[in-house]
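Line order of the protein sequences matches chains A and B.
For the first sequence, the positions run 1036 to 1238 when this note's numbering is used.
For the second sequence, the positions run 1036 to 1238 when this note's numbering is used.
Taking it in order: structure first as structure tokens, then the write-up.
2 protein chains.
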Amino acid sequence: MSTLTRVPRGEARARLIDAARSLIRQRGFAATSVDDLCAAAGVTKGAFFHHFASKEALGVALVEDWTVMTGAMFAAHPYNTLPDPLDRVFGYIDLRRELLGQPLLDFSCVAGTTVQETYESSPPIREAAERSIRSGFAHVQPHLEAALAAHPVPGVTAESLAQQFQIATQGGIILAKALNDAAPARAAFDHLERYLRLLFGRA
Amino acid sequence: MSTLTRVPRGEARARLIDAARSLIRQRGFAATSVDDLCAAAGVTKGAFFHHFASKEALGVALVEDWTVMTGAMFAAHPYNTLPDPLDRVFGYIDLRRELLGQPLLDFSCVAGTTVQETYESSPPIREAAERSIRSGFAHVQPHLEAALAAHPVPGVTAESLAQQFQIATQGGIILAKALNDAAPARAAFDHLERYLRLLFGRA
DNA sequence: GATTACATACCAACTGGTCGGTATTTTTAT
DNA sequence: ATAAAAATACCGACCAGTTGGTATGTAATC
């Protein structure tokens, strides 16, 4: 992490956010110091506090960047183009299971990690995480709405079902961290798929 | 949090763990300092490092205490005495939904909170959290096993279903923290119940 | 000639942890 | 039964390193 080669002018902010995404995913927000971030990004503290008013502001920026990143990634995926809405939902589930094949650091969620620590101590970060999680609903909710329009299920709303995808995602990450194994997280989406097939009569 | 009245001899350790449970649930492990803990417990640093070799050791002790506490709480609950195994499962779900009516600080999970931050940085805490989560499986898994013995469901194991309860619990807590609302967490158990009713043909 | 984008040196407050001491309880020897 | 000894439970001052943040200076860009 030495700064032998100077970081090109204009890249400091992006590199700090990249470093934050990586370090905070590993250690959490509080355990990651500003010095750590600067060293990992290859910039100095001057650069840090030029771009971010505080460590908290970096946290907000990180979560907002995460929302944009993940939003773009899901929006660009082919599952969105399937003709049948329920197939789009199952396509999303497939994608999530694929992601769970990667290393933990690559599928863990920045919003979930940060909000766990900061939901009480930092309202701005909590609010950014709320926006991020809500934007996650949007990756399936429209497809669920279309599927429910074609095949209504009494007592079940698209919003509530969309939330279950985030519950499975976030809960799966915690189980994966605790058990050091992503299998239970993958199983969560197996169960979710089976549940949906039962609800929609799609054996 | 002043120490005007001296803490009776012999209570320091228990009070430190109580303080840790409360503070770490609010702020997380890294953001809670040893000084904070001592102040909240009404003891000095001498007491802290007499009972715990390090802050990490306190973390391990806290999670282990949590495992015992929650284990005793669930074991003592009447849902365990219902004659039908599936009714015991639904009784457990009812209990979980009840807990979600309390303030967030009372239903958030110590193991989930700490492992989120420390799964990479502290193997001992991660292992304690793993034991805690696994002990959580045991609160439903025997009932699920009995239910599956009476009514087998192809492709579904009691272990995998039991894990889903922890996924719903942990994921629900994160959603509750992010959205500042426990409703999605409660909905997770509604969906889980509906899923089980469909699996076991219990409308 | 501003403004932006950094670098460097610096700071007070706090961090986890140590250490010598003391009051209280428990164990042991008589 | 009791005094001495040993162990336990705690206190509180202290320490070196780290924390988030600031103040000042400088090179590049607009």
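From the three backbone atoms N, C-alpha and C, an ideal C-beta is built for every residue, glycine too.
Excluding sequence positions up to five before and after B:A1182, its CB lies within less than 7 Å of the CB of P1120, L1121, V1124 and F1235, all in the same chain and listed in chain order. The residue among A:R1166, A:A1047, A:I1052 and A:P1138 with its C-alpha nearest the C-alpha of A:A1082 is A:A1047.
Taking the Cβ atoms as the reference, B:T1102 lies roughly 4 Å from B:S1167, within the contact range of under 8 Å.
Secondary structure at B:V1095: helix, using DSSP grouped into helix, strand and coil. Within 10 angstroms of the beta-carbon of A:E1165 lie 16 or more other beta-carbons, which makes it buried.
If the five residues before and after B:A1220 are omitted, its C-beta is found closer than 7 Å to the C-beta atoms of L1135, G1207, I1208, L1210 and A1211, all from its own chain and listed in chain order.
Not flagged as an interface residue toward chain B: A:G1236, since no C-beta distance is shorter than 7 Å. In the structure shown, A:A1066 adopts coil according to DSSP, grouped into three states.
Of all alpha-carbon atoms in B:S1157, B:D1070, B:A1092 and B:A1213, the one lying nearest the alpha-carbon of A:G1147 is that of B:A1213. The C-beta distance from A:G1063 to B:E1152 rounds to 4 Å, short enough to fall under 8 Å.
With fewer than three CB-CB distances shorter than 8 Å, the stretch 1180-1199 of chain B does not count as touching the stretch 1173-1191 of chain A. For the stretch 1106-1129 of chain A, there are no residues whose beta carbon sits under 7 Å from a beta carbon of chain B.
Proximity of A:A1075 to chain B, defined by a Cβ-Cβ separation below 7 Å, is not satisfied.
In this structure, the straight-line span from the alpha carbon of A:P1177 to that of B:A1088 is close to 53 Å. For the pair A:F1109 and A:H1174, the Cα-to-Cα distance works out to about 7 Å.
Among the residues of the stretch 1175-1197 of chain B, those with a Cβ less than 7 Å away from any Cβ of chain A are S1195, in the order of the chain. The three-state secondary structure of B:D1141, taken from DSSP, is helix. With fewer than 16 other CB atoms across the displayed protein chains lying within 10 angstroms of its CB, A:H1085 is exposed.
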